[in-house]
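Participant:
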Amino acid sequence: METKTFKDLKSEVWDTELCSGCGACVAVCPADALRFEPGNTDAPVNIGYCKAENDGVPCGACYAACPRIEIAGQGKMLGSYQDIVAARSVFPVERKQSGGAVTAILVNALDEGLIDAVVTVTRDPWTMKPSSAVITSSDALIKHAGSRYSWWVPLLASLKEAVVTRKYRRIAVVGVPCVARATQAIRASDHELLRPYAKAIRLVIGLFCTETFDYAKLVEGKLQSEKKIEPWEIHRLDIKGKLDVYLQDERQISIPLAELEESVRPGCHVCTDFTAVNADVSAGAVGSPDGYTTLVIRNDIGRGFVDRAVWQGKLATGGAVDLSLIERLAAKKAERRQE
Numbered sequence: 017m018e019t020k021t022f023k024d025l026k027s028e029v030w031d032t033e034l035c036s037g038c039g040a041c042v043a044v045c046p047a048d049a050l051r052f053e054p055g056n057t058d059a060p061v062n063i064g065y066c067k068a069e070n071d072g073v074p075c076g077a078c079y080a081a082c083p084r085i086e087i088a089g090q091g092k093m094l095g096s097y098q099d100i101v102a103a104r105s106v107f108p109v110e111r112k113q114s115g116g117a118v119t120a121i122l123v124n125a126l127d128e129g130l131i132d133a134v135v136t137v138t139r140d141p142w143t144m145k146p147s148s149a150v151i152t153s154s155d156a157l158i159k160h161a162g163s164r165y166s167w168w169v170p171l172l173a174s175l176k177e178a179v180v181t182r183k184y185r186r187i188a189v190v191g192v193p194c195v196a197r198a199t200q201a202i203r204a205s206d207h208e209l210l211r212p213y214a215k216a217i218r219l220v221i222g223l224f225c226t227e228t229f230d231y232a233k234l235v236e237g238k239l240q241s242e243k244k245i246e247p248w249e250i251h252r253l254d255i256k257g258k259l260d261v262y263l264q265d266e267r268q269i270s271i272p273l274a275e276l277e278e279s280v281r282p283g284c285h286v287c288t289d290f291t292a293v294n295a296d297v298s299a300g301a302v303g304s305p306d307g308y309t310t311l312v313i314r315n316d317i318g319r320g321f322v323d324r325a326v327w328q329g330k331l332a333t334g335g336a337v338d339l340s341l342i343e344r345l346a347a348k349k350a351e352r353r354q355e
């Protein structure tokens, strides 16, 4: 079989506006030849070198790790799962997005040594500008709670820092559905260049997602220029059929998603996965009572991490989950499917 290279990835995904921006290709490229250019977040670029194209060395790692090569498997509604529960952190999480359950699971995993690093999204509290990061302490994780929602960053690009540079071998990844799909592709691949990453990924937590937003277009454009909201005034953002902006002075401003269309990444328009069906555990605010997070426990790995957090007194479960709300949003996103 002919080896696929970045040129195939470019023609099939980048040039057709299917790129999710997850950063998996950037992470696994052994030549560090792929990157996102400042001011152009639609898709990566190649610096002009490729092991396969230039030296005839079989590679294709970027193609093998891409979550958008085959999108026909998306749109599975809730996906397969073992259990769905409402959960909350037992300890205070100041910037929690809903119940702080994701933070509780990860803090417990770090404290118990089940993982040694978390690849996730952080943001500057003054500008709200997001970035991918490798977090290794519970205190830092709690500090950055709530940062992982709705922002686009090439999250998985930090896998290279975690695995290759810092040599962590027990990594949790937290990200939106395209990130979960990319990690599933990496874990399932028999490509030898992906094996170090596959072996190092111990847990994947997927976040419910309708779409992700470009920082410059949303914050600098819609919020700062149009709505006259400065980034440092924002306490948190929440998306449940609309964008709710909670300000530090306790005001709340709601913006219909239709007004944010220009801020959405082009690649999001083809994604039909709302609940991150390829994760070990999926999490979101939809369906649970106020102050709780909905957890979709999908396999034994996810079950183990959730149970450990409960047993150690860091996570509490309880309260009914309204599956109809989740299914409604999942169905709405599934309508994006392009024939």
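Residue numbers (my numbering): 17 to 355.
Ideal Cβ placement from N, Cα and C applies to all residues, glycine included.
All of these numbers come straight from a predicted model, not from anything done at the bench.
If I measure Cβ to Cβ from Ala196 and keep anything under 7 Å in the same chain, skipping five residues before and after, which residues do I get?
Facilitator: Val220, Gly222, Ala292, Asn294 and Ala295
Participant: With a 10 Å radius around its C-beta and 16 neighbouring C-beta atoms as the bar for buried, classify Ile269 as buried or exposed.
Facilitator: exposed
Participant: Could you check if Ser265 is buried or exposed, using at least 16 other CB atoms within 10 Å of its CB as the buried criterion?
Facilitator: The sequence given here places Asp at residue 265; Ser does not occur at that position. It counts as exposed.
Participant: Which residues in the same chain as Trp248 place their Cβ atom closer than 7 Å to its Cβ, once the five residues preceding and following it in sequence are excluded?
Facilitator: Trp142
Participant: Please report the straight-line C-alpha distance between Gly64 and Cys82, rounded to a whole angstrom.
Facilitator: 20 Å
Participant: Under the rule that 16 or more other beta-carbon atoms within 10 Å means buried, what is Gln98, buried or exposed?
Facilitator: Using a 10 angstroms sphere on the CB of Gln98, the tally of other CB atoms stays under 16, which defines it as exposed.
Participant: Is DSSP giving Gly76 helix, strand or coil here?
Facilitator: coil
Participant: Rounded to a whole number of angstroms, what is the C-alpha to C-alpha distance between Lys183 and Thr138?
Facilitator: 21 Å
Participant: How should Trp168 be labelled, buried or exposed, when 16 other C-beta atoms within 10 angstroms of its C-beta is the threshold for buried?
Facilitator: It counts as buried.
Participant: Can you give, in chain order, each stretch of the beta strand (DSSP E) that sits fully within the segment 288-337 and has at least 3 residues?
Facilitator: 297-300, 309-313 and 331-333
Participant: Quick one: what's got a C-beta closer than 6 Å to Glu53's C-beta in the same chain, skipping five residues either side?
Facilitator: Val61
Participant: If we count the other Cβ atoms within 10 Å of its Cβ and call it buried at 16 or more, is Lys67 buried or exposed?
Facilitator: By the neighbour-count rule (16 or more Cβ atoms within 10 Å), Lys67 is buried.
Participant: With burial defined as no fewer than 16 other Cβ atoms inside 10 Å of the residue's Cβ, what is the status of Val73: buried or exposed?
Facilitator: exposed
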